[in-house]
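Data first, discussion second: the structure below is written as structure tokens.
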Amino acid sequence: MNNIELLTVFMLAVFVGFEVISKVSTILHTPLMSGANAIHGVILVGAILITGVADTAAQLWLGLAAVVLATANMVGGFVVTDRMLEMFKGRRTSNTPSPDAIPAGKDGRR
Amino acid sequence: MNNIELLTVFMLAVFVGFEVISKVSTILHTPLMSGANAIHGVILVGAILITGVADTAAQLWLGLAAVVLATANMVGGFVVTDRMLEMFKGRRTSNTPSPDAIPAGKDGRR
Amino acid sequence: MSNGVLFAYFVTALCFILALKGLSSPKYARYGNLVGAFGAALAVVVTLTLHGLGHRIPIIVAIVIGTLIAVPAARLVKMTAIPQMVAMFNGVGGAAAALVSLDEYVKQHSVDSGGVAAAVVFSAIVGSVSFTGSLVTFAKLQGIMTGRPVVLPGARVFTPVLALASVGLGIAGIATSSVVLVVVCAITALALGVFFVLPVGGADVPVVISLLNAFTGLTVAASGYVLNNTLLIVAGTLVGASGTLLTQLMARAMGRPLTGILFGAFTGPTTAGSTAELATDRAVRSANAEDIAILLAYARKVAIVPGYGLAVAQAQHTVRELADLLEARGVQVFYAIHPVAGRMPGHMNVLLAEANVPYEQLKEMDAANPEFSSTDVAVVVGANDVVNPAARDLPGSPIYGMPILNVDEAANVVFLKRSLRPGFAGIDNALLYHPKTTLLFGDAKESLSKLVAAVKNL
Amino acid sequence: MSNGVLFAYFVTALCFILALKGLSSPKYARYGNLVGAFGAALAVVVTLTLHGLGHRIPIIVAIVIGTLIAVPAARLVKMTAIPQMVAMFNGVGGAAAALVSLDEYVKQHSVDSGGVAAAVVFSAIVGSVSFTGSLVTFAKLQGIMTGRPVVLPGARVFTPVLALASVGLGIAGIATSSVVLVVVCAITALALGVFFVLPVGGADVPVVISLLNAFTGLTVAASGYVLNNTLLIVAGTLVGASGTLLTQLMARAMGRPLTGILFGAFTGPTTAGSTAELATDRAVRSANAEDIAILLAYARKVAIVPGYGLAVAQAQHTVRELADLLEARGVQVFYAIHPVAGRMPGHMNVLLAEANVPYEQLKEMDAANPEFSSTDVAVVVGANDVVNPAARDLPGSPIYGMPILNVDEAANVVFLKRSLRPGFAGIDNALLYHPKTTLLFGDAKESLSKLVAAVKNL
Amino acid sequence: MNVVVPSETAEYERRVACVPDTVTKLRALGHTVSVQRGAGDAAGYPDRLYEEAGARIVDRDALDDAELVLAVQPLPLEDARRLRAGCLVISFLQPAENAELLEAFAARKASALSLERLPRISRAQSMDALSSQALVAGYRAALIAAEKLPRFFPLLMTAAGTVPPAKVLVLGAGVAGLQAIATARRLGAVVSAYDVRAAAAEEVRSLGATFIDLGLETLEGAGGYAREMTEERAIRQRELLTPHVAASDAVITTAAVPGRRAPLLVDRAMVEAMRPGTVIVDIAAESGGNVELSRPGEEIHHQGVLIWGGRNMPSGMPYDASRLYARNVANLVELLSKDGELKLDLSDEIVAASLVVHEGQVRI
Amino acid sequence: MNVVVPSETAEYERRVACVPDTVTKLRALGHTVSVQRGAGDAAGYPDRLYEEAGARIVDRDALDDAELVLAVQPLPLEDARRLRAGCLVISFLQPAENAELLEAFAARKASALSLERLPRISRAQSMDALSSQALVAGYRAALIAAEKLPRFFPLLMTAAGTVPPAKVLVLGAGVAGLQAIATARRLGAVVSAYDVRAAAAEEVRSLGATFIDLGLETLEGAGGYAREMTEERAIRQRELLTPHVAASDAVITTAAVPGRRAPLLVDRAMVEAMRPGTVIVDIAAESGGNVELSRPGEEIHHQGVLIWGGRNMPSGMPYDASRLYARNVANLVELLSKDGELKLDLSDEIVAASLVVHEGQVRI
Ligand SMILES: NC(=O)c1ccc[n+]([C@@H]2O[C@H](COP(=O)([O-])OP(=O)(O)OC[C@H]3O[C@@H](n4cnc5c(N)ncnc54)[C@H](OP(=O)(O)O)[C@@H]3O)[C@@H](O)[C@H]2O)c1
Ligand SMILES: NC(=O)c1ccc[n+]([C@@H]2O[C@H](COP(=O)([O-])OP(=O)(O)OC[C@H]3O[C@@H](n4cnc5c(N)ncnc54)[C@H](OP(=O)(O)O)[C@@H]3O)[C@@H](O)[C@H]2O)c1
Ligand SMILES: NC(=O)c1ccc[n+]([C@@H]2O[C@H](COP(=O)([O-])OP(=O)(O)OC[C@H]3O[C@@H](n4cnc5c(N)ncnc54)[C@H](O)[C@@H]3O)[C@@H](O)[C@H]2O)c1
Ligand SMILES: NC(=O)c1ccc[n+]([C@@H]2O[C@H](COP(=O)([O-])OP(=O)(O)OC[C@H]3O[C@@H](n4cnc5c(N)ncnc54)[C@H](O)[C@@H]3O)[C@@H](O)[C@H]2O)c1
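These protein sequence lines map, in sequence, to chains A, B, C, D, E and F. For the first sequence, our numbering gives the first residue as 4, with consecutive numbering after it. For the second sequence, our numbering gives the first residue as 4, with consecutive numbering after it. For the third sequence, our numbering gives the first residue as 228, with consecutive numbering after it. For the fourth sequence, our numbering gives the first residue as 228, with consecutive numbering after it. For the fifth sequence, our numbering gives the first residue as 6, with consecutive numbering after it. For the sixth sequence, our numbering gives the first residue as 6, with consecutive numbering after it.
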């Protein structure tokens, strides 16, 4: 892709990124942040790719470190998001939202 | 661009197209349709490009026909949309919405 | 192409997105349209100044001609005829896109990749369908032909055959690198467009215009693919996607499935119009809450005319909520109380007092009647007899001689009721069928709740 | 790379978009997360099976190690510690992205295009900032260091210098094709990350986490550019864009400008937390209507406790609207009426009767009190003394001995009042500061209207 | 034309057939208006106000020259006998019970228009004095029930405990009954109601009260009125109503069938099934009573139940009752007037139905 | 302990100090309850119900052995003189006016607790009989005003024209005044109110009525009550109120200052400025009257204005008034009881303030 094409892709992705979350309710801020966080864990793909072509030991170790970190980001991110979202599992269940479910953003001081 | 990249652009554009209008109110259906209609008048660019490199008279005439049609689409589209949108010019003006302002979609029969 | 031109195209694509975004909010719609126009102009100017562009003069002349045709048409057309104008513009756009692809095909004669070949056929077929389909919708709306669904004998079989034929011709044309076959394919598609739209009923035509609009968008995207032009791809896809969604939204707003609109004439007799279920010969205009909400929110003066239905629905609190909302937006609101509205003297007073409507907002009939001529919208909530012009105009009617609220003097009348059934006196109300009347069917409380929600969303 | 792999990447990008879409609606959030996870897994598996990938075993081992660290950490962490967990994961992601870019740079040693060089420096700096910044937020939230804003002496000058230095080093490194300089640049950026986050107050930390999250997204996009990988570009950009918007939304939800959050500690003394304006030493938790709406909409049983403030605000109709809405969603709602709520005997009865609240929904104190322990949310609307635990627990308080509504037995308590001012008896209410209490400040009628709107939007 | 408004002579009658406002209106129609001295005093309209509105204050002898007499109650026989020929009298007339009076009018060649006989068509609503006076009666019935009941109507949760709301039962949901329902509901009572007309159920619910469905067939008569019950049905209806009556704190009865004795809805046994300290207000007491034990104008205590029999209930609120009545009458006069003259157009269904004496003929 | 509830002997008094419900409650506290035969009859509580609740039905001589006497009005002197030593009497006592009675209690070494003297602290709200009875009085005042007014309270737009809503003015917005406001508003009247306390403005508005701000300084006394006005201010206040009174259809006065004659809010001239056909309800008539012309228990007609003077207004609704009063008293007894015995803890501010006679001493 040439740079303008990349720019086009970038611009479209920015719009999609903005639009899909533009109506999110406050209660979902934290899970959404966490989910987005997991998504950028896809850097793991990049980490694998560079590690796979590592020539020197330094590169290999650097790459493997990146793989570990990226895996932690991705896997941990999705798991923790899922936990946060348990409260939305369905209505009429016995686990009602606890006060913790209110995003910490409001109450860092308690 | 290779095909997958094109696909990516296409997919992103589809999302943008969907998302930006997903919350439109009924009263704007017709103007929005008309505005979108004007936008695809940008085929004029394509028409100019092919006409510009026309080799044969047939190609030239075909191309010029396309230019005329595309221009009509684009210019007419924007102008007519603007007319429709006059009612949204601002509040407190004396021209209140007339019953005509209700999209024809509802009352093809009157 | 230089990076500068590509960047200009990029800016144009951005403008188009912003245009669509603006067009979907009442506040920014006009602005959005201008942004779109700016983007389009930018792209055209940049293209015209391209180094090495041939036939510059004829092209500019063609553009001028196109403009001279389009602007007066768009400016002078009657407001009510705008839908057919849009259809027309859309149709010529589709034709242009098909021509562009064909022309490129003719030029290259054979195409290198399967993808481009498919794109040529796609734009030839879909562009043609869009063209003739739009012409037919134009004819229907303009009254050149009947607005009723037209089902030609054998069409049920013939139309799919036509579709298959045109696809087959296209494939054959590509396979044999034959220009003629592809042109024949396009011509077949022209016929297909006609047959596609003929069976659609007049009331449903706008939905079809929107669908054809999306078709044209996709044609443009395909042409872009053929020309390897990102701007056309992005713009065409945007229109294709938003047009598809819009078509669905429009169909939903009319409470009819898209398939019913397109193919209903083949399967059942109820395609005539969306109000076919009402047991009346005369047409009424019904709308949904969003439309009426805009009518109300942008009015200067609104009269609320409560009747027995308000009491039945126990909607007194909701009606007050709506009035308060409108007042907060700067609309002047009053309640016009007919002396015998409801079923006991003072029925409306009891109701509205319960909702704490300030007494100052209530106007008795004699005070309300002079107000209607300067009222933008009269919202009749579950009242009927007390606004029935028959009482004024129709000697011999059982209610003749009863003074009524002259809501028909308001610029717009909106009725909230459940059906076209008459009220206490059991007589029909001609005002329901009046051109300035819009009906919102449903229980008054529910309808009012919807209006409240819709006004809040503006 | 084969078309198959590219297509898989395309599917992954699609999954990510759908994931973000899902995550922004309560109904589909969980599903969205799963779709995202599926997409990510697909991309990883496809990459691992790439023809010609070296060091496959060590890579898989590394992945297993990463998983073994992350899963238990994510599973076992206490609900309240989740924000710092997210920060941590984000930080390591940033580090990984920076490492990937650096590694590629090391490998190519010099880069061909200015664009790629810029991308390397960008991801080195931003990834590093994200990494150490996240570590500091973690420390702040985990209580390892103080949650108060920390402004080191000279930081006001030092931080911008550090930022300039790291950019300068990066440029120099690229210009001289020096690996060392770029590494030094990254190390400087590590320090920058620390100084960037230190001055942020504890209550504002989540906003900063979101910002760092967007940073990481952009780092990933930059890495994608370096590796010429569309998936990374699209995914990174998505996260960068949505993360930026989210950061703004979060700041707005707290009623504070982003700049105030980031740099407030340098300019004024009010950065301690978003509730600093309240004239009290004890912390209260205030939330906005959307949060409380979800709390209510997903509860099974809600108690509404009206008091004098409901009467002052004349919010009786609105409170009923809210209750009706909740009931329509299947929530069980009752009104708990304290015998001396308001300023005259039966004050609440008069009010609620006006709004036509069915008598069956009213529970007098003795009937209401046993209900609270099974109540999910008690909404206290403009009441104060009648729910003040001091009357029960604090001999010597002027209201000691007065029976109260035991709302503190409910799982959550929401107060709608305008301030922390006391009620009739003039004494402070400890329940306002209780961890299970959330305040929605403002006139009761306005607050209730907002709740109604928010519940409707769910 | 010479319009005369005599004082009402009937016992308990405090209303007046013309108020200063309507004097103005009648004068605008081209009539001269004479009001007997003190005619409006009891209703709160002193002579001064009539004079200001342009009426002459006269004594009763003015009836001798009257061309149009406006009254609330039927004129006394001796007044009827002094009317001049061609004079028109508009008032309530209870024609079925006042045959002698009608004969007297006929004998004087005077005409008489009975307001009870106005057809209930849309056009006549503004002249419908039965409706307007029933409105007053219904409102007062609810107030009296509230005032007489030794308990609160509304629910009150107070520091001294919770007072449950009163249960009010309204029997007969015509104009008066609906207004009684509305008023009792406003005061916070829990209201239920019963009526024999089919439309009543929805009407009752439209006021937020509960309709009691006994499962009996409805009884629709002509002109939107009810039909008389058969004795068999009456018994069955009382039987089915008994538990509802017994559970009520206050019962308000308003049932009527035009031209008949009021239907008996609550008999002695039903009263005895009620708790002590409860109240019954029977606004139909004068026309025979919906309650077996009620007596017009009396408060009967029966086994702890107070039975309040209405007698000319609108008169209890004479100011507004007169205002409404006078407007009804003025609207009617407007219909009958042409250029300051009276014109009795017997082809008009309103006139045809209500003119009970004309040109020496009793028309019923 | 032996609790005795004598019949009330005062004229017009229909309440009773103990209802069957509270018999149950007192018995649960370990007391035995004796009720004089017929004591609850006037309030709607027959002896049978007391018996069912576990009370003994006795005659008045039971007072001789009473350890605790519950009454509404102060006991007659002769009853006080038969009490045994250590007996406690709980009732309204109007201690300022009943010095002789207090002396009689002291002479018998009986104790007496005056409900008027209960401090208005949160804990005592459930025993606050002044509040609960004022509630009844305020409700009834509005009903009576509605019933006496010859016009409608609500706005009605009818076929016979529009009836404007009544304008009601409430003077004194304490417990009774607020309830009167609420009730009049419920009936649809347009209500405005005035009071001297600072908090009253917001309280009045919280009921949807208009507060009249005269621009005078507020008069806050101890315990949330008002202070007495100086004569100068009283004159100024009346002057400023005159146009408001003159514009009203109904005026309800409820102003009081504890232990003082009721303030004079409406003098003769103000009454004369009102239109004929208007109504004043003065519920402070017994304690001197807020209205110059009012007489307790009488309806005075003055120049077309009806002035209704209240006399023992709660008694007009004896069933619920007794229920509330009895619960107040029972809550008080609960406070004073320990293991079935009475324990007068003078360190408790409630007891200290309200116990006016104790151990042979009059404590005021
Ligand atoms: N005021 C009095 O004293 C009195 C007494 C007796 C008779 N009347 C007569 O009653 C009539 C009053 O006129 P009006 O205009 O008030 O009432 P109306 O003419 O009876 O019309 C009421 C309308 O409300 C609609 N409706 C009923 N329930 C509804 C609901 N839940 N939601 C929405 N709409 C509902 C009905 O249409 P749908 O069925 O289509 O919904 C009906 O057309 C007059 O003819 C008058 O003469 C009045
Ligand atoms: N019922 C009776 O008969 C009676 C009579 C006299 C006294 N009292 C006493 O009155 C008290 C009643 O308790 P309560 O809990 O009902 O009332 P409260 O303790 O007086 O508290 C009322 C609360 O409402 C809030 N508020 C006021 N206006 C508001 C508005 N417009 N919007 C939102 N909130 C508003 C105030 O807080 P902000 O200022 O922060 O908004 C205040 O804290 C008791 O102490 C009782 O003893 C009762
Ligand atoms: N269109 C008009 O102009 C107009 C005007 C006023 C009233 N109306 C209609 O006429 C109806 C009756 O009017 P009204 O109040 O003068 O009637 P009414 O005074 O004759 O009777 C009062 C009510 O008693 C009911 N009733 C009769 N027998 C009964 C029985 N056995 N048990 C229970 N209820 C019994 C009747 O159905 C009626 O509702 C009104 O409800 C209204 O719908 C129409
Ligand atoms: N905390 C509690 O337990 C409690 C209980 C009941 C009442 N209260 C408070 O006490 C207040 C007064 O109670 P109350 O009704 O028994 O008082 P009250 O009967 O002594 O007086 C009635 C009203 O008359 C007003 N008033 C006095 N002089 C006046 C004048 N010159 N002009 C106009 N108005 C005048 C008073 O301000 C008072 O509002 C209540 O409003 C309430 O706020 C508190």
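All residues carry an ideal CB built from backbone N, CA and C; glycine is no exception.
- From the beta-carbon of Thr-457 of chain C, the residues of chain A found nearer than 7 Å are Glu-8 and Thr-11.
- For the pair Glu-291 of chain F and Arg-316 of chain F, the CB atoms are nearer than the 9 Å cut-off.
- The residues Leu-82, in chain order, have a CB closer than 7 Å to that of Glu-105 of chain F in the same chain once the five nearest residues on each side in sequence are set aside.
- In this structure, ligand 2 has a non-hydrogen atom nearer than 8 Å to the beta-carbon of Phe-651 of chain D.
- Taking the beta carbon of Phe-18 of chain A as reference, the chain C residues within 8 Å of it are Ile-244, listed in sequence order.
- Using a Cβ-Cβ cut-off of 9 Å, Glu-673 of chain C does not count as an interface residue toward chain B, since no Cβ of chain B sits closer than that to its own.
- Under the DSSP assignment, Asn-6 of chain B falls in the alpha helix (DSSP H) whose first and last residues are 6 to 24.
- Burial is judged here by how many other beta carbons sit within 10 angstroms of a residue's own beta carbon; Met-279 of chain F has at least 16 and is buried.
- For Ala-112 of chain E, there are no C-beta contacts with chain F under 7 Å, since the nearest C-beta of that chain is about 33 Å from it.
- With contacts defined by Cβ atoms closer than 9 Å, Asn-576 of chain C and Leu-337 of chain F do not form a contacting pair.
- A distance criterion of 8 Å places the beta-carbon of Tyr-230 of chain F in contact range of ligand 4, judged by its closest non-hydrogen atom.
- About 5 Å separates the beta carbon of Ser-357 of chain C from that of Thr-443 of chain C, a gap short enough to meet the 8 Å contact definition.
- With respect to Gln-41 of chain F, Asp-64 of chain F sits close: the two C-beta atoms are nearer than 9 Å.
- Within the region 203 to 221 of chain E, those residues whose Cβ lies closer than 8 Å to any Cβ of chain C are, in chain order, Ala-204, Glu-207, Glu-208, Arg-210, Ser-211, Leu-212 and Gly-213.
- Listed along chain D are Pro-572, each with a C-beta nearer than 9 Å to that of Ser-137 of chain F.
- Per the Cβ contact rule, the region 427 to 436 of chain C is in contact with the region 465 to 479 of chain C (3 or more Cβ pairs under 8 Å).
- Neighbourhood of Asn-5 of chain A in chain D, by CB distance below 8 Å: empty, with the nearest CB roughly 10 Å away.
- Under the Cβ distance rule, Asp-620 of chain C does not count among the residues neighbouring chain E, no pair being separated by less than 9 Å.
- Per DSSP, reduced to three states, the secondary structure at Tyr-535 of chain C is helical.
- Counting only runs that start and end inside the region 590 to 625 of chain C, the alpha helix (DSSP H) elements of at least 4 residues fall at 592 to 595 and 617 to 620.
- In this structure, Leu-73 of chain F sits near Met-6 of chain F, with a CB-CB distance shorter than 9 Å.
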